[in-house]
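There are 2 protein chains.
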Amino acid sequence: MKKPFKKPEPGDKISVKINNKEETGTLLESHDPGVLLLKLESGYNIGLKREEVSEIKVLKKRKKQEKKEELKMSGKKPIIDFYLTGGTISSKLDPETGGVKWLIDAKELFGLYPELFDVVDVRVKSPFMKASENMDSKDWIRLAKLVGKSLNDENVKGVIVSHGTDFLHYTSAALSFMLGKVNKPVVLTYSQRSSDRGSSDSRLNLICSAYAALSDIAEVMLVGHASMNDDFCFMLQGNKVRKMHTSRRDTFRPINCKPIAKVFPDGKIEMINNDVNKRGRSDGKIKVDAVFDNRVALIKFYPGQSPDILNYYKKKACRGLVIEMSGLGHVLSEGKNNWLPVLKKLIKKGMFVYAAPQTLYGRLDPYVYSPGRKLQEIGVNFLGDILPECALVKLGWVLGHPSWRGSVSTKLKMLENVNGEFNERLGSEFLI
Amino acid sequence: MKKPFKKPEPGDKISVKINNKEETGTLLESHDPGVLLLKLESGYNIGLKREEVSEIKVLKKRKKQEKKEELKMSGKKPIIDFYLTGGTISSKLDPETGGVKWLIDAKELFGLYPELFDVVDVRVKSPFMKASENMDSKDWIRLAKLVGKSLNDENVKGVIVSHGTDFLHYTSAALSFMLGKVNKPVVLTYSQRSSDRGSSDSRLNLICSAYAALSDIAEVMLVGHASMNDDFCFMLQGNKVRKMHTSRRDTFRPINCKPIAKVFPDGKIEMINNDVNKRGRSDGKIKVDAVFDNRVALIKFYPGQSPDILNYYKKKACRGLVIEMSGLGHVLSEGKNNWLPVLKKLIKKGMFVYAAPQTLYGRLDPYVYSPGRKLQEIGVNFLGDILPECALVKLGWVLGHPSWRGSVSTKLKMLENVNGEFNERLGSEFLI
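Which chain is which? The protein sequence lines are A and B, in order.
Our numbering applies: residue 363 is where the first sequence begins, and numbers increase by one.
Our numbering applies: residue 363 is where the second sequence begins, and numbers increase by one.
As structure tokens, this is what we get:
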């Protein structure tokens, strides 16, 4: 007859007998009542089927008091402002509905990630909870203003934003423009699998994010798995990064630049890109420039596409377009679907038109072929090695400034390397 | 005083004294009168400034007769049908205008690529000469019909199509559907730099294409540089490949599959993907199915985007849409810009709507999150790991069949793995 289980609690060190083998580790919160989630000494997590567990021993209770103290802030550890905004990293399975519930307060965060609280005092804030496909420029503005306040709070060492993966690279690009040159690390992180699964990537991403947020690398950056292994994360420049895989843990890839650094779960940081502005911490305040004009659009050009799509956006009172052009910067330039006369007409009427590379990797160059030169003559501006997604965000941000609205100053601002969105040193490396 | 140069001709083996060093190699045709283009024994090409050359010796004249014979077909070598369609690989600098001229006949091809004619008898055809951004479905249909004729000509061992890079992956996807299971190799190739530059990638790509076209791998495939080195090419499946860099020689990358094989300039072929249908040559005739309905469009979704773009395409009498969705298959699903009610309405009215991954890498999965399930309930179909570009081509091709026009058969055909466009074995490998 099986002994009734003692009721171990998350944070307890326990040993478990399963199929006549013993596993020892720290119990984590699991939202599947049929699964015991155990953090092994190696740092790996395993999910054990309760029905296969024949014995559980509590080796060491986590001190209740210690837990409370930590949630109240130890007062001894550096303070990190932690913004929960939604996404898989902030979700847990709801065993009743089979759906997903948001994880919204410090206590819940502690239940899943106790080790984070060993490193930093966390002030958890949750301005909104959304899947990232439902975020828009209003959310970017709100987040920029909040993060700006944290950056200007001298008690705060750094900021972490947890976020859905799908459009995280849009938010990180928006923050890079709205916050400008920051005085402390602003770390955006994520997970591809929800936190209460044994295979989740969130634990490594979060602990590495904590160390990144304490570092002297004052940048808006993404921190997440560098590979499919659970060994270290990359710090990636927030406006030159893109989600490149539907499900892999290392889905975020630096595009046209190197990762900034490797960050390990023991806190070690290895610089990779020494070009990055390693300014160190400053006591200076930053000025948040959180504006956006939504009258912008992104068009991915494909063969045979009618240029009438341009007229559609004009009719919709769009002020600026980013076109994902092919190769070095081309669109259809002959026959009945010639884009050039339509572009010329709209640009004359005041539309701002920018080209970004559909290949994602590499740099546009309008000078190699005559269609590129013609596009430039009629007023299309070529945005070098910028990501199309980043170009759209930058255009909305630039047009959000009434004082920059003249065609010359808009053009100049779009071509200016505001915060590293162009890699002027880009060679022919793929840099994947 | 400098001696006047003898007039060596392309194909001659010459030695050149330049800055007191000697270089030996085969003279290639150069369209810059100030540059001598030399193919070294190593296979590398160098461009030498004429003004720095102090002496040229002709070591061995290329036999005129041999050249003529080869252009008339040796009758001893296997016959390849070679379709020149434009693009950088078919262009040469026009020294008078500084622009680009097309290379359109066998003699010109021979002038630049004599080594190709050592391997195969080439029948050069040029149905049209276009930059690939100006090609559309009419060109795909024309090309498919021509290539189909070649495949059904028992004298022909294989087909090579030279093509601009920008939208080569659209043409190769179109041919993969229009030609179906082929009986012989159909090789599409390209270059990133024009043929008369010393650094051109066209020479390796062409010689490897010739060996690929003689192989027993009966597929529609791309052949081009596997890396930045000039050592070998990859054979890449034509409907799972994408231009991923604006300027690199190895710009074409297999997406969600392995390369088929390596092919070396000495003719050696090393298989990589043994899953590929290595059917070998068959004497069977193929049936070309070259149809296309242009009433299709590709939309790349971005955060905050209004779903009104869907209504625009409906008004334009569009019959089918491919939407590049985020992550596992999401679009904006709440608030005033909720895409779901608009999609539902249009699908009810008969619009075909398909989802493809915006990440490019990985596979959509509508079952993980509720927005994906909702999209599926209203009739959006998820196309797994297909490339968005390939999905658009496939949709136009499927809708081009009047007999498949019912909503059930269109849906089934789009979800059917017609010619390897889905990788059913895809794991979580990035496979870059």
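Every residue gets a Cβ at the ideal spot worked out from N, C-alpha and C, and that includes glycine.
All values reported here derive from a predicted model rather than from experimental measurement.
- Query: If you draw a straight line from the alpha carbon of B/Glu-432 to that of B/Leu-471, how long is it in whole angstroms?
  - Reply: For the purposes of this step, residue 432 of chain B is taken as residue 70 along the second sequence, with counting starting at 1. For the purposes of this step, residue 471 of chain B is taken as residue 109 along the second sequence, with counting starting at 1. Low local confidence applies: a pLDDT of 44 at B/Glu-432 is under 50, so the model's placement there is unreliable, and no value is given.
- Applying the criterion that 16 or more other CB atoms from any shown protein chain within 10 Å of the CB defines a buried residue, is B/Lys-605 buried or exposed? Numbered from 1 along the second sequence, position 243 holds the residue referred to as residue 605 of chain B. So B/Lys-605 ends up on the buried side.
- Message: Taking the alpha carbon of B/Gln-599 as the reference point, which residue from B/Tyr-674, B/Asn-635 and B/Leu-672 has its own alpha carbon closest?
- Response: Taking the first residue of the second sequence as 1, we reach residue 599 of chain B at position 237. Nearest option by C-alpha distance: B/Asn-635.
- Message: Please report whether the beta-carbon of A/Tyr-716 lies at a distance below 7 Å from any beta-carbon of chain B.
- Response: Translated into the one-based positions of the first sequence, residue 716 of chain A becomes position 354. Judged by the 7 Å Cβ criterion, A/Tyr-716 is not in contact with chain B.
- Just the C-alpha distance for A/Glu-428 and B/Val-730, rounded to the nearest angstrom, thanks. Position 66 of the first sequence, counted from the first residue, corresponds to residue 428 of chain A. Position 368 of the second sequence, counted from the first residue, corresponds to residue 730 of chain B. The pLDDT assigned to A/Glu-428 is 43, lower than 50, so where the model puts this residue is not dependable, and the model offers no usable value.
- DSSP state of B/Thr-388 mapped onto helix, strand, coil: Residue 388 of chain B sits at position 26 when you count from the first residue of the second sequence. Of the three classes helix, strand and coil, the one that applies to B/Thr-388 here is strand, per DSSP.
- Is there at least one Cβ from chain B nearer than 7 Å to A/Tyr-723's Cβ? Numbered from its first residue, the first sequence carries residue 723 of chain A at position 361. Yes - at least one Cβ of chain B is within 7 Å of the one on A/Tyr-723.
- For the alpha helix (DSSP H) that A/Ser-512 lies in, which residues bound it at each end? As a working note, residue 512 of chain A is residue 150 in the first sequence. Here the alpha helix (DSSP H) through A/Ser-512 covers 499-513.
- For A/Phe-614, which beta-bridge partners are listed by DSSP? Stepping through the first sequence from its first residue, residue 614 of chain A is reached at position 252. DSSP output for A/Phe-614 lists A/Lys-605 as bridge partner(s).
- Item | Residues, ordered as in the chain, of the segment 479-497 of chain A that lie near chain B by beta-carbon distance below 9 Å | Considering only beta carbons, the part of the segment 479-497 of chain A lying closer than 9 Å to chain B consists of Lys-492, Ala-493, Ser-494, Glu-495, Asn-496 and Met-497, in chain order.
- Can you have a look at A/Met-590 and say buried or exposed, based on whether 16 or more other CB atoms are within 10 angstroms of its CB? Residue numbering aside, residue 590 of chain A sits at position 228 when the first sequence is read from its first letter. Flag for A/Met-590 reads exposed.
- Message: I need the straight-line Cα distance from A/His-692 to B/Lys-698, nearest angstrom please.
- Response: As a position in the first sequence, residue 692 of chain A is number 330, starting the count at 1. As a position in the second sequence, residue 698 of chain B is number 336, starting the count at 1. Cα to Cα, the separation comes out at about 35 Å.
- Under 7 Å by beta carbon: chain B residues contacting A/Asp-359: The first residue shown for chain A is 363 and the last is 794, placing residue 359 of chain A beyond what the model contains.
- Query: Does the separation of the CB atoms of A/Val-518 and A/Asp-593 fall below 7 Å?
  - Reply: Stepping through the first sequence from its first residue, residue 518 of chain A is reached at position 156. Stepping through the first sequence from its first residue, residue 593 of chain A is reached at position 231. It is not a contact, given that the beta carbons lie outside the stated cut-off.
- Item | C-beta atoms of A/Leu-545 and A/Gly-646 nearer than 7 Å | In the first sequence, the residue the question calls residue 545 of chain A occupies position 183. In the first sequence, the residue the question calls residue 646 of chain A occupies position 284. Looking at the sequence provided, one finds Asn at residue 545 of chain A rather than Leu. The Cβ-Cβ distance between A/Asn-545 and A/Gly-646 falls below 7 Å.
- Task: Rounded to whole angstroms, what's the CA-CA distance from A/Tyr-664 to B/Gln-667? Just pull it up for me.
- Result: Within the first sequence, the letter at position 302 stands for residue 664 of chain A. Within the second sequence, the letter at position 305 stands for residue 667 of chain B. The C-alpha of A/Tyr-664 lies about 19 Å from the C-alpha of B/Gln-667.
- Counting only runs that start and end within the segment 705-741 of chain A, where is the beta strand (DSSP E) found for 3 or more residues in a row? Listed in chain order, they are 714-719.
- Burial state of B/Asn-618, where buried means 16 or more other Cβ atoms lie within 10 Å: Counting from 1 along the second sequence, the entry for residue 618 of chain B is found at position 256. Result: buried.
- Message: Give me the DSSP bridge partner(s) of B/Ser-377.
- Response: For this step, residue 377 of chain B is matched to residue 15 along the second sequence. The partner list for B/Ser-377 (beta bridge, DSSP) reads B/Thr-386 and B/Lys-419.
- Task: Verify the CB distance criterion: does B/Glu-696 have a CB-CB separation below 7 Å to chain A?
- Result: Along the second sequence, one-based indexing puts residue 696 of chain B at 334. Interface residue, yes.
- Message: Taking a contact to mean a Cβ-Cβ separation below 7 Å, would you say A/Tyr-573 touches A/Val-638 in this structure?
- Response: Translated into the one-based positions of the first sequence, residue 573 of chain A becomes position 211. Translated into the one-based positions of the first sequence, residue 638 of chain A becomes position 276. No Cβ-Cβ contact shorter than 7 Å links A/Tyr-573 with A/Val-638.
- Residue environment, A/Gly-437, which counts as buried when at least 16 other CB atoms sit within 10 Å: Numbered from its first residue, the first sequence carries residue 437 of chain A at position 75. Exposed, by the Cβ-count rule.
- Message: Just to make sure I have the definition right: I need the residues of chain B whose C-beta is within less than 9 Å of the C-beta of A/Lys-422. Which are they?
- Response: Along the first sequence, read from residue 1 onward, the residue named residue 422 of chain A stands at position 60. Result: empty, since nearest Cβ-Cβ is about 36 Å, beyond 9 Å.
- Say whether the segment 406-419 of chain A touches the segment 528-547 of chain A, bearing in mind that this needs 3 or more beta-carbon pairs closer than 8 Å, one atom from each stretch. Segments in contact, no.
- Task: Would you mind telling me which residues of chain A sit closer than 8 Å to B/Lys-507, beta carbon to beta carbon, in chain order?
- Result: Numbered from its first residue, the second sequence carries residue 507 of chain B at position 145. The contacting residues do not exist; B/Lys-507 stays about 18 Å from chain A at best.
- Query: So which of A/Leu-389, A/Ile-503 and A/Leu-400 has the shortest CA-CA distance to A/Leu-541?
  - Reply: Within the first sequence, numbered from 1, the residue matching residue 541 of chain A stands at position 179. Nearest C-alpha to A/Leu-541: A/Ile-503.
- Going straight from the alpha carbon of A/Tyr-716 to that of A/Leu-745, what length do you get? Start at 1 with the first residue of the first sequence, and residue 716 of chain A comes out as number 354. Start at 1 with the first residue of the first sequence, and residue 745 of chain A comes out as number 383. Whole-angstrom Cα-Cα distance: 7 Å.
- Item | Selection of the segment 581-613 of chain A by Cβ proximity to chain B, strictly under 9 Å | When CB distances to chain B are screened at a threshold of 9 Å, the residues of the segment 581-613 of chain A falling below it are Met-590, Arg-604, Lys-605, Met-606, His-607, Thr-608, Ser-609, Arg-610, Arg-611, Asp-612 and Thr-613, in chain order.
- Task: With DSSP collapsed to three states, give me the class of B/Asn-743.
- Result: For the purposes of this step, residue 743 of chain B is taken as residue 381 along the second sequence, with counting starting at 1. Three-state DSSP puts B/Asn-743 in a strand.
- Query: Name the DSSP bridge partner or partners of B/Ile-661?
  - Reply: Residue 661 of chain B sits at position 299 when you count from the first residue of the second sequence. Note: B/Ile-661 sits in a beta bridge opposite B/Ile-685.
- Query: Which chain B residues are close to A/Lys-662, counting only those with a beta carbon under 9 Å from its beta carbon?
  - Reply: Start at 1 with the first residue of the first sequence, and residue 662 of chain A comes out as number 300. The contact set of A/Lys-662 on chain B, defined by CB atoms closer than 9 Å, consists of Leu-660, Ile-661, Lys-662, Glu-686 and Pro-750 in chain order.
- Under a CB-based cut-off of 7 Å, is A/Pro-621 close to chain B? As a first step, residue 621 of chain A must be located in the first sequence, where it is residue number 259. False, the Cβ-Cβ gap to chain B never drops below 7 Å.
- Taking 7 Å as the CB-CB limit, is A/Lys-736 close to chain B? By one-based count along the first sequence, residue 736 of chain A stands at place 374. No - not a single Cβ of chain B is within 7 Å of the one on A/Lys-736.
- Just mark A/Ala-580 as buried or exposed, buried being the case when its beta carbon has 16 or more other beta carbons within 10 Å. To locate residue 580 of chain A, count along the first sequence from 1; it is residue 218. Label assigned to A/Ala-580: buried.
- Assign A/Ala-623 to one of three DSSP states: helix, strand, or coil. Translated into the one-based positions of the first sequence, residue 623 of chain A becomes position 261. It is a strand residue.
- Message: Counting only Cβ pairs nearer than 7 Å, list the residues of chain B close to A/Gly-666.
- Response: Within the first sequence, residue 666 of chain A is the residue found at index 304, counting from 1. At a C-beta separation below 7 Å, A/Gly-666 has these neighbours in chain B: Asp-498, Ser-499 and Asn-656.
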